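Trainee:
Residue numbers (my numbering): 616 to 768.
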């Protein structure tokens, strides 16, 4: 079984729950275990919220009005990618560009990427070579409900 979809969403707060509901609905219909669906939906919400908040300046003085969410349920794995046209991730002090820095423990924001890392099995945070923007992709091994209608074989 293989399912994939891609959304081009406006950088508005209302787009975050839309993407989350679509993911949860797809996974529920396919028969994915609700705990796995919840983990991935929280990770997706964090990645989308980052795109909405930080994905606007495309580096050329213009603004990116949209971001892209792509989800693949393929066999025993779900892979999600959120890409924007913003400035990408800043360089860490003394490190390469594209490395997400952990938030200070008392910070009121900045924990989203750390949360994604905790909820997913594999995470890649960076950009697309030659293009402005950030790309956050993550995947997780799926577990299925008993008698799931679309379980992988």
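Every residue gets a Cβ at the ideal spot worked out from N, C-alpha and C, and that includes glycine.
Quantities reported herein were computed from a predicted structural model and do not represent experimental measurements.
1. Name the two residues that bound the continuous beta strand (DSSP E) containing residue 735.
2. Cβ atoms of residue 631 and residue 660: under 8 Å apart, would you say?
3. Specify, as a first and last residue, the run of the alpha helix (DSSP H) that residue 637 falls within.
4. Identify whether residue 711 lies in helix, strand or coil by the three-state DSSP scheme.
5. According to DSSP, which residues form a beta bridge with residue 618?
6. What does DSSP give as the partner residues of residue 750 in its beta bridges?
7. For the putative contact between residue 622 and residue 684, defined by C-beta atoms under 8 Å, what is the C-beta separation to the nearest angstrom?
8. Take residue 759 and list the residues in its own chain whose beta-carbon comes closer than 7 Å to its own, dropping the five residues that flank it on each side.
9. Residue 691 to residue 667, Cα distance in whole Å?
10. Alpha helix (DSSP H) containing residue 653: first to last residue?
11. With distances taken from CA atoms, which of 635, 616, 738, 626 is nearest residue 694?
12. Is DSSP giving residue 757 helix, strand or coil here?
Mentor: The relevant details are as follows:
1. In the DSSP assignment, residue 735 falls outside any beta strand (DSSP E), carrying neither H nor E.
2. Their beta carbons are under 8 Å apart, which means residue 660 touches residue 631 by this criterion.
3. Start and end: 630-645.
4. Reliability of the predicted coordinates at residue 711 is poor, the pLDDT of 48 falling under 50, and no value is obtained from them.
5. According to DSSP, which records beta bridges pairwise, residue 618 is partnered with 688.
6. Residue 750 pairs with 698, 741.
7. About 5 Å separates the beta carbon of residue 622 from that of residue 684, a gap short enough to meet the 8 Å contact definition.
8. Once the five neighbours on either side are set aside, the close Cβ partners of residue 759 are 646, 647, 648, 766.
9. Rounded to whole angstroms, residue 691 to residue 667 spans 30 Å at the Cα level.
10. Here the alpha helix (DSSP H) through residue 653 covers 649-669.
11. Among 635, 616, 738, 626, the Cα nearest to that of residue 694 belongs to 738.
12. In the structure shown, the three-state DSSP call for residue 757 is coil.
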